[in-house]
Amino acid sequence: MSASWIPSLVSAFAHLRKTRSEKYHPVRRQWRLTLAAILLCAVAAHAQLKIMPLGDSITDGDGSSNAAAYRSGLYTRLTNEGIAFDFVGSLNGGTGFPDTQHEGHGGYRADLVRDNVKSYLQKNPANLVLLLIGTNDLNQNQGVTSTRNEIGEIIDNIFQFNGLIEIYLATLLPRKDSHQSEIEELNALLPDLVLTKRSQGVKIFLVDLNTRFLADPNWQTARMFDTVHPNDAGYDVIAQVWFEEIRKNHAPQVVREFQDNFNRTGPGLGAKWAFNSAMQIKNNELVNTSTVDAWDRFLAIPKEMTNPRIIEFKYGANSDAVGRAFTGLAVMLNSADPNTADGYLVFHNVNSSTGENTIRLHELREGVPVNPAIQIEPARAPAPAVGEVFRVEIATDSDGHKFTVTTGGVFDGVLIDPLKRQGNEGLLYAGVQINGATNNGVDDFFATTASDLAAPGAITDLSVLGTSSAGVTLQFTAPGDDGNIGQCTSYDVRYSTTAITATNFNLAARALGLKPPSLVGTLENLEVSGLQGGTTYYFAVKAVDDGGNTGTISNVVQGTTALLAALTDNFERPGPALGEGWVAGAGVAIVNGAVHNNGSGYQAAVLSTRRDPREVSLTWAPTAVLGPINESGILVMASNATSRPNGYFIQHNNSSGKTILWRVENGTLTNQIDSGNSFGGQIGPGAIMRVEYNLTEQFNSFTVFVNGSFDRELTDPQKLENGPYAG
57 MSASWIPSLV SAFAHLRKTR SEKYHPVRRQ WRLTLAAILL CAVAAHAQLK IMPLGDSITD
117 GDGSSNAAAY RSGLYTRLTN EGIAFDFVGS LNGGTGFPDT QHEGHGGYRA DLVRDNVKSY
177 LQKNPANLVL LLIGTNDLNQ NQGVTSTRNE IGEIIDNIFQ FNGLIEIYLA TLLPRKDSHQ
237 SEIEELNALL PDLVLTKRSQ GVKIFLVDLN TRFLADPNWQ TARMFDTVHP NDAGYDVIAQ
297 VWFEEIRKNH APQVVREFQD NFNRTGPGLG AKWAFNSAMQ IKNNELVNTS TVDAWDRFLA
357 IPKEMTNPRI IEFKYGANSD AVGRAFTGLA VMLNSADPNT ADGYLVFHNV NSSTGENTIR
417 LHELREGVPV NPAIQIEPAR APAPAVGEVF RVEIATDSDG HKFTVTTGGV FDGVLIDPLK
477 RQGNEGLLYA GVQINGATNN GVDDFFATTA SDLAAPGAIT DLSVLGTSSA GVTLQFTAPG
537 DDGNIGQCTS YDVRYSTTAI TATNFNLAAR ALGLKPPSLV GTLENLEVSG LQGGTTYYFA
597 VKAVDDGGNT GTISNVVQGT TALLAALTDN FERPGPALGE GWVAGAGVAI VNGAVHNNGS
657 GYQAAVLSTR RDPREVSLTW APTAVLGPIN ESGILVMASN ATSRPNGYFI QHNNSSGKTI
717 LWRVENGTLT NQIDSGNSFG GQIGPGAIMR VEYNLTEQFN SFTVFVNGSF DRELTDPQKL
777 ENGPYAG
């Protein structure tokens, strides 16, 4: 018996799920300054660089007397500069210095590093990679273009693992053999490679070791141990160049902070402040004692605190609602002189007549606010109360000067000056500005130059909103830049066909082309594209802020992409195997462009690459004979993609004149569930049989057509099968 047929699977399948949970956690600064004093301090920033030296024997140390390559010289330079760092890697090598870890694998080509770099980073996480690779590729005649491409794939894999890793890509060293021309050709391709990767969001820098090496006309004798490896002098040159590039981005910075709780007699603020004479200490608070109803030049500015990034104060007990509504922060000032300072005024205002609750951004010129305001936004926080903290965090990018406002620990909004009217000088100040003729008071002033050290908030309500054949829409509530305050810079979205955890998060594929984050509390919809149809994926997200801090991993969700709109297989190929995507019994084979059963009994052929179709059809071959046609048909709702599934078999039997719905168990027809007279007429060679699904909560029903004409409706009221496959 033989059967010849051509199936076509059609699906209109999608998963929809939507959940939302919004939660805010107020974040408050814990003030610990109890003495009546002013504190101005400088402390070193201690963010440690995890540096992975990555490459071949030139990273390992061949040719160096201490087997440390450039690593010992780089260690000394970074340490003397005061840069906090740690070399990381699975290998140890070198003497005379304490930090010998690296990933310099002797004899490795770029493709070997490409295939293993994610494993290296998983075992020894890094935030900076020194990549020097390609020498062995040229030794083995791998070709310049293929080597460049494989270096690009190393970069892609590092970026996929963690998009925040800085990659320092080195040009290859000159060599004393016939491959020198290939070195020059490959090095000439690296600048464009770096520019391309940078445009894709990779943090990558080109480090020109080659040019520095060639700067010594005697480099072949003065800096080389053999044909390709440097000597100690050559490795010292490499260490110096790496050091210079790292220092450009990671020179040790001094974090300066200024605090004042005003717990002293006064009335003057003291030598650390520049202030209008009306700005005085009263009842251990900073108060504007003037009876003039104006903001003009009523400023108090710390003179020695420059370029603060975060500024805040606490509303004092001397203030009432009106006084608090007219107390603000003067920021990005070009001078510490209250009479001449240009900059911005930011404050939270509640209109006592209308109750309108807003945050406001004004330009300051010579200490006087300019009207109208640059921006007025509805406040997200309620009216401030005594003891609550008003905070402004400053950032600048291509969109303008940005001021993230927090009131009472609640995110209050973001104010932006897209024109950057002020605050463009190299030395800037900040202080307090209070309108006169009010009951006002400020306590616990604080300012810092520190980078953003607070991680973004966690995403806890990630869900799959919808799917298509090539993508999934994720939905969640946008977290804040600092916990649940502010606006993040980007999202790190990962997906995998296996479950994602905090441990393997960076090994999952990274979604690209995502839109930038919205303000905290906004319901985000993110499209993840480039997926395979009919596939179940797991998804997880981390938020990233402008300081490079990442939030904790979100809850993990899964979604199944829809099948493609239609799939047709005409079996016009040599065979005998049905080919990729098909799972069939031992006797099922392609013969002369048609599927035959060359075995005994009923045998199944199941399409494994498409699930949950809603329509399936087959066409018998022109050479098919009536007997086998009579005993063949369509397998629907198969339990799995095996040659012996459970499911339903739909048969149009010419001999009985009936169309039959069989139950299939372990690949065997067990019992008739439904049958009836066939209305579509006889079938023969070239005939087309089509089955449409009609699945409800009450029954599984199938409408059968023969050559385009209605044949029979078949129903299983018990819904015995629910598999996703067909064949």
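Residue numbers (the numbering used here): 57 to 783.
We put the CB at the ideal spot given by N, CA and C, even for glycine.
Quantities reported herein were computed from a predicted structural model and do not represent experimental measurements.
(1) If we count Cβ pairs, one from each stretch, closer than 8 Å, do we get three or more for the stretch 443 to 460 versus the stretch 371 to 390?
(2) If I follow the unbroken alpha helix (DSSP H) through residue 299, where does it start and stop?
(3) Given a cut-off of 8 Å, decide if residue 714 and residue 703 are closer than it, judged by their beta-carbon atoms.
(4) Pull up the DSSP beta-bridge partners for residue 746, would you.
(5) Is it buried or exposed for residue 590, if we count other Cβ within 10 angstroms and need 16 for buried?
(6) Nearest to residue 364 by alpha carbon, out of 346, 398 and 484?
(7) Does DSSP put residue 709 in a helix, in a strand, or in coil?
(8) In its own chain, which residues sit with a C-beta less than 7 Å from the C-beta of residue 414, not counting the 5 before and 5 after it?
(9) Do residue 548 and the ligand MN come close, with the Cβ less than 7 Å from some heavy atom?
(10) What residue does the beta strand (DSSP E) around residue 22 start on, and which one ends it?
(11) Which residues in the same chain have their Cβ closer than 7 Å to the Cβ of residue 78, if we skip the five residues on either side of it in sequence?
(12) If I measure Cβ to Cβ from residue 710 and keep anything under 6 Å in the same chain, skipping five residues before and after, which residues do I get?
(13) Since residue 420 and residue 402 are thought to touch, with beta carbons under 8 Å apart, how far apart are those beta carbons, to the nearest angstrom?
(14) Tell me the DSSP secondary structure of residue 217 in three-state form.
(15) Kindly give me the distance between the Cβ atoms of residue 348 and residue 487, rounded to whole angstroms, as I take these residues to be in contact under 8 Å.
(16) Evaluate residue 192 with the Cβ neighbour count: other Cβ atoms within 10 Å of its Cβ, from every protein chain shown; 16 or more gives buried, anything less gives exposed.
(17) Is residue 764 buried or exposed, if buried means 16 or more other CB atoms sit within 10 Å of its CB?
(18) Can you tell me whether residue 92 is buried or exposed? The criterion is at least 16 other CB atoms within 10 Å of its CB, across all chains shown.
(19) Quickly, what does DSSP pair residue 461 with across the bridge? List them, please.
(20) For residue 223, decide whether its Cβ has a neighbour in chain B, counting only Cβ atoms nearer than 8 Å.
(21) With DSSP run on the structure shown, which of helix, strand or coil describes residue 658?
(22) State the CB to CB distance for the pair residue 216 and residue 566, rounded to an integer number of angstroms; the pair is presumed to be in contact (CB under 8 Å).
(23) Suppose you measure from the CA of residue 517 to the CA of residue 549; what does that come to, to the nearest Å?
(24) Could you name the residues of the same chain whose beta carbon sits closer than 6 Å to that of residue 326, not counting the 5 residues immediately before and after it, in chain order?
(25) Tell me whether the beta-carbon of residue 783 lies closer than 8 Å to the beta-carbon of residue 680.
(26) Leaving aside the five residues before and after residue 495 along the sequence, list all residues of the same chain whose C-beta is less than 8 Å from its C-beta, in chain order.
(27) At which residues does the beta strand (DSSP E) containing residue 224 begin and terminate?
(28) Helix, strand or coil for residue 429 per DSSP?
(29) Could you tell me if residue 120 is buried or exposed, where buried requires 16 or more neighbouring beta carbons within 10 angstroms of its beta carbon?
(30) Along the chain, where does the beta strand (DSSP E) that runs through residue 176 open and close?
(31) Under a Cβ-count criterion, where at least 16 other Cβ atoms within 10 Å of its own Cβ denotes burial, should residue 753 be classed as buried or exposed?
(32) From the DSSP output, in three-state form, read off residue 247 for me.
(33) In terms of residues, what are the limits of the alpha helix (DSSP H) holding residue 142?
(34) Helix, strand or coil for residue 609 per DSSP?
(35) Is the beta carbon of residue 299 sitting closer than 8 Å to the one on residue 127?
(36) For residue 724, which option in 730, 657 and 352 has the closest C-alpha, if you only look at C-alpha atoms?
According to the data block:
(1) At 8 Å Cβ cutoff, the stretches touch.
(2) 288 to 306
(3) no
(4) 673 and 761
(5) buried
(6) 484
(7) Here residue 709 sits in strand by DSSP.
(8) 405, 432, 433, 434 and 435
(9) Summarising the ligand content, the structure contains no ligands, and the ligand MN is consequently not present.
(10) The structure shown has nothing for residue 22, since the chain only spans 57 to 783.
(11) No answer about residue 78 holds up, because its pLDDT of 29 lies below 50 and its placement is not dependable.
(12) 686 and 738
(13) Incorrect: roughly 10 Å between the Cβ atoms, too far for contact.
(14) helix
(15) The Cβ separation is near 19 Å, so there is no contact.
(16) Burial call: buried.
(17) Classification for residue 764: exposed.
(18) Residue placement at residue 92 is flagged as unreliable, the pLDDT there being 32, under the threshold of 50; a coordinate-derived value is accordingly withheld.
(19) 448 and 469
(20) In the structure shown, chain B cannot be found, because there is only a single protein chain.
(21) coil
(22) 5 Å
(23) 14 Å
(24) none
(25) no
(26) 374, 375, 376, 378 and 379
(27) 222 to 226
(28) coil
(29) buried
(30) Careful: residue 176 lies outside any beta strand (DSSP E), inside the alpha helix (DSSP H) at 166 to 179.
(31) Residue environment for residue 753: exposed (fewer than 16 other C-beta atoms within 10 angstroms of its C-beta).
(32) helix
(33) Looking at the DSSP string, residue 142 is not in any alpha helix (DSSP H); the run it does join, the beta strand (DSSP E), is 141 to 143.
(34) coil
(35) no
(36) 657
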